[in-house]
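Here is the structure we will look at.
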Amino acid sequence: MGINQVDPVTFVIQKIRALENLQSLSKHEQLVQGVLDAIDEGGLRTNAALPSVNTMISELGYARETIVKAYKELMERGVIASKNRKGYFVISGNIRQQQKVALLMYAFDTFQETLYDSLKTHIGKDIHIDLYFHHNNPDVFEAIFNRIAGHYGLYIVAPIPTDRIKALLTTIPPFKLLVIDRHVALGEDYSYITQEFRLSSYNVFQQLAPKLAAYDEIIFFFRKHTAEPPEILQSFRKFLKDAGLKGTVKKHYEPGSIEKNKVYFTIHNPELYAILKDVMGKKWKLGKDLAVLAHNDDVVKEIIAGGITTFSADFAEMGRLAANYVLTREKIQQVVPTALYLRKSL
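Okay, so the sequence shown: first residue is 0 according to numbering that gives the first Met the number 0, each after it adds one.
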């Protein structure tokens, strides 16, 4: 049944009942969020009457004090008002600036900080963002999700691409969820602003082929079962085969193991810094004695060691697009392009 076929009172009751299974929400919070959801989805418009307190008691079985408390909070937020003892009415359909946003990310790395700063800058000061990190751990993700479910007007989530996490995300209505960074297929109604790794990485390797061929070997440090995208590893192996170049995949960099005339490629920033420390210690020159390639650009990589060659999505642009979604709720399904930044290290 569509929104237009349900009267406002019934629609509000439906929205509140939809939240009853969320153990993280008290009955008072279910009432408040249910009304906000009904307004946000267009089932309650300005001047529409809300269910009376007696109707709420009859339909939901909640205590009178709980219902009055919820309506009082909505009045304090400027969303509803009581008119001449005739009941409660919606006085503002523009509730988004009054709702908090939950931002769930992998970790606070430098490039993710760029995304966050851009989001905050473009979203303005009136919208509050609560920041959470799941560290690519499904158990941590689920614990955070269960704790914050139903408490926010919008969720911006960098997901872990597993069926378990997808099932959790699809419990959020599409208009209240924005997927960022990594893509997971949730359906045509869901919005996303993400990267693409397989084809973009392969294209970068091809662009770099003449430079890479000047060295004896390309060593890629890649750790499985982490947040590092496996598509990059797949593209690396395909490129080596197609280009006929010698390459090796290792789990991690051993400090002091650096050798001349090799290319060292890493996604992990602490590993990059360990490599650069060894280069400095041996007083070798990047781009001559050996080369370094990194993933995910940031201002540090622009200036450290004369500049590190990277390939990366534009995280500032990702943050800007996410902010626009928060402000407009216009559906977006966009892949942010990956760019190559050639610098001294390669």
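Cβ atoms here follow ideal geometry from the backbone N, Cα and C, with glycine treated the same way.
By DSSP, does residue i sit in helix, in strand, or in coil?
i           : result
residue 340 : strand
residue 118 : helix
residue 246 : strand
residue 154 : strand
residue 277 : helix
residue 257 : coil
residue 183 : coil
residue 189 : coil
residue 265 : strand
residue 132 : strand
residue 290 : strand
residue 0   : Residue confidence is low: residue 0 scores 41 on pLDDT, short of 50, so the model does not pin down where it sits. Its coordinate-derived value is still stated next. Three-state DSSP puts residue 0 in coil, outside helix and strand.
Does the Cβ-Cβ distance between residue i and residue j come in under 8 Å?
i           : j           : result
residue 261 : residue 214 : yes
residue 39  : residue 152 : yes
residue 49  : residue 105 : no
residue 289 : residue 308 : no
residue 65  : residue 26  : yes
residue 75  : residue 31  : no
residue 338 : residue 118 : no
residue 102 : residue 138 : no
residue 89  : residue 43  : yes
residue 174 : residue 16  : no
residue 196 : residue 238 : no
residue 108 : residue 268 : yes
residue 245 : residue 220 : no
residue 333 : residue 320 : yes
residue 326 : residue 122 : yes
Does the Cβ of residue i have 16 or more other Cβ atoms within 10 Å, making it buried, or fewer, making it exposed?
i           : result
residue 279 : exposed
residue 158 : buried
residue 79  : buried
residue 318 : buried
residue 113 : buried
residue 300 : buried
residue 45  : exposed
residue 120 : exposed
residue 133 : buried
residue 33  : buried
Unbroken stretches of the alpha helix (DSSP H), 4 residues or longer, contained in the stretch 49 to 113: If we require 4 residues or more, the alpha helix (DSSP H) runs fully inside the stretch 49 to 113 come out as 52 to 59, 63 to 75.
Note down, one range per segment and in chain order, each beta strand (DSSP E) of at least 3 residues found wholly within the stretch 204 to 234. Segments of the beta strand (DSSP E) lying fully in the stretch 204 to 234: 216 to 220.
Continuous alpha helix (DSSP H) assignments of at least 4 residues falling wholly in the stretch 293 to 345: Counting whole runs of 4 or more residues, the stretch 293 to 345 contains the alpha helix (DSSP H) stretches 298 to 302, 314 to 327.
Taking only runs of the alpha helix (DSSP H) that begin and end inside the stretch 18 to 45, which ones reach a length of at least 4 residues, in chain order? Taken in chain order, the complete alpha helix (DSSP H) segments of 4 or more residues contained in the stretch 18 to 45 are 26 to 39.
Cβ contact (3+ pairs, closer than 8 Å) linking the stretch 235 to 254 and the stretch 267 to 284: The stretch 235 to 254 vs the stretch 267 to 284: in contact.
Stretch-stretch touch, CB-based, cutoff 8 Å, three pairs: the stretch 50 to 57 with the stretch 183 to 193: Not touching, per the Cβ criterion.
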